[in-house]
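These notes are about the structure you will find just below.
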Amino acid sequence: MLLNDGKLSVQGRNYLVREARIEDLEQVIALMEQDEIRRAEHSGAAGGPEHYLEAFGEIDADPAHALIVLEGEGGKIVGTMQLTTLPSLARRAAKRMQIEAVRVASESRRSGLGTQMIRWAICDAEHKGISLIQLTSDAQRQDAHRFYQRLGFIPSHVGFKMRLATRP
């Protein structure tokens, strides 16, 4: 359950923050395709639309996951992020929120929209009694690292990933 559908106002423009619906999926994928580092992973041929539909269904069905979108004028999706609530035994059974797949439309970057998105996620986490927010950022994304640090995140861990052949 989200804090609520919220409204953000950035530079005189109003946005609705809400959970994604199936009809948003095409616009969310388009935002991911704007990402130069990950473009090949989302270029249509790699897995096809059925994988996105399946993943969306799994995210939507699980209350621990929320695919968030920022809806601008005319229903245009200008931002997205996935929030996952993780129970844990570590840190005295602290609940965590994982933030991932943060994207802002290229024409809306450096407007303050990303900052407001993350602040909204922080408020949502506080509302849920979550005591730790974690995220990862590709090692190549130095601008993103500075962005997250300005928001109070600290680079406290080194992350590792292993690609498996089961899926693109």
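Residue numbering for the sequence shown follows the UniProt record's numbering, beginning at 1 and increasing consecutively.
We put the CB at the ideal spot given by N, CA and C, even for glycine.
Does the pairing of the segment 97 to 104 with the segment 75 to 88 give three or more beta-carbon distances under 8 Å?
yes
Any idea if A45 is buried or exposed, counting beta-carbon neighbours within 10 angstroms, 16 or more meaning buried?
Residue numbering aside, residue 45 sits at position 45 when the sequence shown is read from its first letter. Reliability of the predicted coordinates at A45 is poor, the pLDDT of 45 falling under 50, and no value is obtained from them.
What separation, rounded to the nearest whole angstrom, lies between the Cα atoms of residue 181 and G114?
In this structure the chain extends from 1 to 168, so residue 181 is not present and cannot be described.
Proximity below 8 Å, CB of V28 to CB of V78
Working through the sequence shown from its first residue, we reach residue 28 at position 28. Working through the sequence shown from its first residue, we reach residue 78 at position 78. Going by C-beta atoms, V28 is not nearer than 8 Å to V78.
For E50, the first and last residue of its enclosing alpha helix (DSSP H):
Along the sequence shown, read from residue 1 onward, the residue named residue 50 stands at position 50. From DSSP, the alpha helix (DSSP H) with E50 extends over 49 to 61.
Can you tell me whether I154 is helix, strand or coil according to DSSP?
Residue numbering aside, residue 154 sits at position 154 when the sequence shown is read from its first letter. Three-state result, I154: coil.
So what does DSSP say about R21, is it helix, strand or coil?
Taking the first residue of the sequence shown as position 1, residue 21 is located at position 21. Residue state, collapsed to three classes: coil.
Beta carbon of G112, beta carbon of Q11: below 8 Å?
Residue mapping note: residue 112 aligns to position 112 of the sequence shown, counting from 1. Residue mapping note: residue 11 aligns to position 11 of the sequence shown, counting from 1. Result yes, Cβ atoms of G112 and Q11 sit closer than 8 Å.
Residue interval of the alpha helix (DSSP H) (run including T85):
Here residue 85 refers to the residue found at position 85 when the sequence shown is read from its first residue. Looking at the DSSP string, T85 is not in any alpha helix (DSSP H); the run it does join, the beta strand (DSSP E), is 77 to 86.
Less than 8 Å between CB atoms is the rule here; does K161 satisfy it with respect to chain D?
Although the question refers to chain D, the structure presented lacks it and comprises just one protein chain.
So L67 and E26 are supposed to be a Cβ contact under 8 Å. How far apart are they, rounded?
Taking the sequence shown and counting its residues from 1, the one referred to as residue 67 is at position 67. Taking the sequence shown and counting its residues from 1, the one referred to as residue 26 is at position 26. Contact flag wrong, Cβ pair sits at about 13 Å.
Out of E58, W120, R13, F160, which one is the CA nearest neighbour of D138?
Residue 138 sits at position 138 when you count from the first residue of the sequence shown. Measuring from the Cα of D138, the nearest candidate turns out to be F160.
Take L8 as the anchor and find which of C123, E36, A64, A93 has the nearest alpha-carbon.
As a first step, residue 8 is located in the sequence shown; it is residue number 8 there, counting from the start. Cα-wise, what sits closest to L8 is C123.
Considering only the beta carbon of each residue, do K95 and G72 sit closer than 8 Å?
By one-based count along the sequence shown, residue 95 stands at place 95. By one-based count along the sequence shown, residue 72 stands at place 72. In this structure, G72 does not lie closer than 8 Å to K95 by Cβ.
Determine the burial state of V104: buried for a count of at least 16 other Cβ atoms within 10 Å of its Cβ, exposed for fewer.
Taking the first residue of the sequence shown as 1, we reach residue 104 at position 104. Buried is the call here.
Using the C-alpha atoms, what's the distance from Y52 back to A30?
Position 30 of the sequence shown, counted from the first residue, corresponds to residue 30. Position 52 of the sequence shown, counted from the first residue, corresponds to residue 52. If you take the alpha carbons of A30 and Y52, they lie about 12 Å apart.
Which residue wins for smallest C-alpha separation from D35, given the options M117, P87, Q140?
As a first step, residue 35 must be located in the sequence shown, where it is residue number 35. When each option's Cα is compared against that of D35, the closest is Q140.
Where the beta strand (DSSP E) through L8 begins and ends:
Within the sequence shown, the letter at position 8 stands for residue 8. Element bounds for L8: 6 to 10.
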